[in-house]
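The structure appears right after this line, and notes come after that.
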Amino acid sequence: MAAKRSAGILLYRHSDDGLEVLLVHPGGPFWARKDLGAWSIPKGEHDHAEEALACALREFEEETGSAPTPGELAELGEVRQKAGKVVAAWALEGDLDPATVRSNTFTMQWPPRSGQMQEFPEVDRAEWFLLEAARERINPAQAPFLDRLSARFKA
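Here our numbering is used: the first residue of the sequence shown is 137, the next is one more, and so on.
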């Protein structure tokens, strides 16, 4: 069985304090109390018929409620997450107000075995982080994206 595939956009900006990246926190009851290691780049799954970059652009908009800033996309390669999913990412310079983030939703039975279906946002919040803080919060398998982005700005 082929590994599941996801693609996403790592939005970044330069601030007075240094390079910042936008990360999103997954919504739903399983993630409500998790912080360190739980955040992600805005991303989503695609099948082999869809190009990874097309998926990354679509998923950014679905998870943030905003189209990505027009600009040059820099390929950051792929990583394999703990469960085997392969994630491809592109870096894009831009800005987004985290207070405006509105993601799509999913429905699941909650509480478990209750028979009650509830709707939750795929992303419950977004935040800008300096690289060091982002490294603490991002899913550890996605940390190489931060390193690859950082390397682009070192001479």
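Every residue, glycine too, gets a C-beta built ideally from N, C-alpha and C.
Candidates Leu189, Asp231 and Gly230, of which the one nearest glutamate 211 by Cα: Leu189
CB-CB length for glycine 220 against leucine 147, believed under 8 Å: 26 Å between Cβ atoms; not a contact.
Where phenylalanine 242 falls: helix, strand or coil (DSSP): strand
Rounded straight-line distance, which links the Cα of alanine 279 to that of leucine 285: 10 Å
Contact set for valine 259: own chain, Cβ-Cβ below 8 Å, skip 5 residues either direction: Val160, His161, Pro162, Gly163, Pro178, Glu199, Thr200, Val237 and Ser239
Inside the stretch 209-274 only - alpha helix (DSSP H) runs reaching at least 4 residues: 267-273
Simplified DSSP state of glutamate 156, which is helix, strand or coil: strand
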